[in-house]
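Written out below as structure tokens is the structure these notes cover.
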Amino acid sequence: MKIFLDTANVDSIQKYSEMGVIDGITTNPTLLSKETGNPIKTMKKIVEIVRGPVSLEIVATTFDRMMEESLKLAEYGENVVVKVPMTVDGLKVVKALTNKGIKTNVTLIFSANQALLAAKAGATYVSPFIGRLDDIGSEGLNLVSEIIQIFVGYEYTTQVLVASVRHPLHVIESAKMGADVVTLPPEILDKMIKHPLSDKGLDLFLSDWKKIEKDNPNLSF
Ligand code: G3P
Numbered sequence: 000m001k002i003f004l005d006t007a008n009v010d011s012i013q014k015y016s017e018m019g020v021i022d023g024i025t026t027n028p029t030l031l032s033k034e035t036g037n038p039i040k041t042m043k044k045i046v047e048i049v050r051g052p053v054s055l056e057i058v059a060t061t062f063d064r065m066m067e068e069s070l071k072l073a074e075y076g077e078n079v080v081v082k083v084p085m086t087v088d089g090l091k092v093v094k095a096l097t098n099k100g101i102k103t104n105v106t107l108i109f110s111a112n113q114a115l116l117a118a119k120a121g122a123t124y125v126s127p128f129i130g131r132l133d134d135i136g137s138e139g140l141n142l143v144s145e146i147i148q149i150f151v152g153y154e155y156t157t158q159v160l161v162a163s164v165r166h167p168l169h170v171i172e173s174a175k176m177g178a179d180v181v182t183l184p185p186e187i188l189d190k191m192i193k194h195p196l197s198d199k200g201l202d203l204f205l206s207d208w209k210k211i212e213k214d215n216p217n218l219s220f
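Using numbering that gives the first Met the number 0, read the sequence shown as starting at 0 and increasing by one per residue.
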């Protein structure tokens with residue numbers, strides 16, 4: 000399963016990319032609104048520093064304007080994936096961009112029907128927002144399972160990109176179901192890295208090594 004970082008924060012992207020666990024980035028207008036500076040420059044910078052796919056979202060809502068924005072975003076780099084909202088015009092945009100060889104990520108997916116239509120239109124990725132479904136008392140992970148079942152059954156190549164991830168269990172369950180990608184806010188990645196027994200175990204190893212050093216001055220690897 001690929002792991003994308005769900006952020007528009009360039010420092011976070013640099014920090015986590017160095018760990019070698021990040022395969023791509025997803026952004027959206029809300030994430031960009033949390034950053035300072037010019038959002039266009041930020042998007043261009045992210046595309047430049049990341050090797051893998053970077054989802055950049057269009058904000059127009061009518062076909063012609065959506066296409067205009069999409070084509071501009073696609074020019075930022077070969078790794079750009081145009082993030083398109085799940086609407087009638089959005090599906091038309093996905094079809095048109097697919098015909099031009101431009102990758103798309105259909106966002107705001109809340110039902111298997113929406114995912115099916117996005118796949119038929121040629122989407123590279125569909126993004127089910129599972130945390131927001133959990134928020135309204137619906138089981139977000141069930142949606143992931145339904146979409147995977149449909150895509151596998153009909154051999155759609157559209158990748159399931161699990162979004163709106165709120166805790167590490169979402170990640171484990173998505174991986175067990177065979178999701179292609181999860182996109183994670185940096186805080187969730189931190190929680191996945193940490194384990195109290197890892198910290199406790201490291202403290203013990205380090206203090207035991209100090210004892211060895213006491214008896215063996217000038218030790219070095
Ligand atoms: O990638 C979409 C995701 O960022 C939405 O997450 O937490 O705003 O529901 P959230």
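The beta carbon of each residue, even a glycine, is placed where N, CA and C say it ideally should be. Keep in mind that this is a model prediction, so the values were computed, not measured.
(request) Report back the beta-carbon spacing between residue 106 and residue 82 to the nearest angstrom; my notes put them in contact at under 8 angstroms. (result) 5 angstroms
(message) Let me check understanding here. Comparing Cα to Cα, which of 75, 85 and 47 lies closest to residue 62?
(response) 85
(message) Checking the sheet assignment: what are the DSSP bridge partners for residue 158?
(response) 124
(message) Quick check on the DSSP output: the alpha helix (DSSP H) that includes residue 21 runs from which residue to which?
(response) Where residue 21 is concerned, there is no enclosing alpha helix (DSSP H), given that its DSSP letter is neither H nor E.
(message) If contact is defined by three or more beta carbon pairs under 8 angstroms, each pair taking one atom from either stretch, is the region 140-159 in contact with the region 92-102?
(response) no
(request) Tell me whether residue 178 counts as near the ligand G3P, meaning its Cβ is closer than 7 angstroms to at least one heavy atom of that ligand. (result) no
(message) Residues in the same chain with beta-carbon distance under 7 angstroms from residue 96, minus the five sequence neighbours each way, listed in chain order, please.
(response) 69, 81 and 103
(message) Can you tell me whether residue 126 is buried or exposed? The criterion is at least 16 other CB atoms within 10 Å of its CB, across all chains shown.
(response) buried
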